[in-house]
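Visitor: Structure incoming, see below.
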């Protein structure tokens, strides 16, 4: 079985400060990890993914995420938050060792960037 | 290249009526996924389809819900005899074949059951 946890329902950060949105995962095999962002009344937009290779993955809008195998984490980060980053963020995992496995999404973390 | 299309964007039904939600995947995408999102909740997987095949329907309620992805035309999520608890946002996503590919989401259909 695979699962993903986003321990924080909401994260508040001041504009210009660095932000971190946490994600931990559990899979039997190789993890394929994804981050998505959802703005109000919109669908999810893909931000970045980790499949293999460098543990630090860079994505859209200045976001990056660090894959940590020992801690089974894939935290989303940005050096300097913008008010426009305020949205709902979802982490997702798929077991890449299996022929097919659906993607499992976390419950989401609401990011509020305070001007 | 147009993104994932969903229609209608908003759908209002009375209890007992049928709801039909449509999804056209991105060009070149052969896999379609349906998710349900309730207010203040995460995304719940419902069903995964390829053309003319249901691959995984483990997230679909056993009754009243069905999905198809015909050889020609959009994928359809059908809810029969809707109840108030069906009110939610329903999202469709599509992807290419390989398992490492990300999913691309449509704008969603917001179903309201009166």
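Chains as they are written, first to last, in the working numbering: chain D, 1 to 115; chain Z, 116 to 229.
Virtual Cβ for every residue (Gly too), placed ideally from N, Cα, C.
Model, not experiment: these values are computed from the prediction.
Quick check: the region 132-149 of chain Z against the region 50-57 of chain D, are there 3 or more CB pairs under 8 Å?
Guide: No: the two stretches stay apart, fewer than three of their Cβ pairs being nearer than 8 Å.
Visitor: Whole angstroms are fine: how far does the CA of residue 67 (chain D) sit from the CA of residue 75 (chain D)?
Guide: Those two C-alpha atoms are separated by around 7 Å.
Visitor: Quick one: residues in its chain with C-beta nearer than 8 Å to the C-beta of residue 58 (chain D), no 5 flanking neighbours on either side, listed in chain order?
Guide: Within the same chain, residue 58 (chain D) has close Cβ partners 48, 64.
Visitor: Sorted by chain position, which residues of the same chain lie with C-beta nearer than 6 Å to residue 117 (chain Z)'s C-beta, five sequence neighbours on each side aside?
Guide: Answer for residue 117 (chain Z): no residue qualifies.
Visitor: I think residue 157 (chain Z) touches residue 106 (chain D), with their Cβ atoms under 8 Å apart; what is that distance to the nearest whole Å?
Guide: Right, their Cβ atoms sit about 6 Å apart.
Visitor: Return the chain-ordered list of same chain residues with a C-beta closer than 7 Å to the C-beta of residue 166 (chain Z), the five sequence neighbours on each side being excluded.
Guide: Result list for residue 166 (chain Z): 145, 184, 186, in chain order.
Visitor: Taking 8 Å as the threshold (C-beta atoms), are residue 209 (chain Z) and residue 195 (chain Z) in contact?
Guide: For residue 195 (chain Z) and residue 209 (chain Z), no; Cβs fall outside 8 Å.
Visitor: Which residues in chain Z sit within 7 Å of residue 51 (chain D), going by Cβ to Cβ distance?
Guide: Near residue 51 (chain D) (Cβ distances below 7 Å), the residues of chain Z are 215.
Visitor: Determine the DSSP secondary structure at residue 83 (chain D), reduced to helix, strand or coil.
Guide: Note: residue 83 (chain D) maps to helix in three-state DSSP.
Visitor: Under a three-way DSSP split, which group does residue 202 (chain Z) fall into?
Guide: DSSP places residue 202 (chain Z) in coil when its eight states are reduced to three.
Visitor: Roughly how many whole angstroms lie between the Cα atoms of residue 116 (chain D) and residue 77 (chain D)?
Guide: Residue 116 (chain D) lies beyond the residue range present for chain D, which begins at 1 and ends at 115; the question has no answer from this structure.
Visitor: Taking 8 Å as the CB-CB limit, is residue 109 (chain D) close to chain Z?
Guide: No, no contact with chain Z.
Visitor: Report yes or no: do three or more beta-carbon pairs, one from the region 1-20 of chain D and one from the region 85-105 of chain D, lie closer than 8 Å?
Guide: The region 1-20 of chain D vs the region 85-105 of chain D: in contact.
Visitor: Could you have a look at residue 61 (chain D) and say whether DSSP puts it in helix, strand or coil?
Guide: Residue 61 (chain D) falls in the helix class under three-state DSSP.
Visitor: At which residues does the beta strand (DSSP E) containing residue 175 (chain Z) begin and terminate?
Guide: Unbroken run through residue 175 (chain Z): none, as it is neither H nor E.
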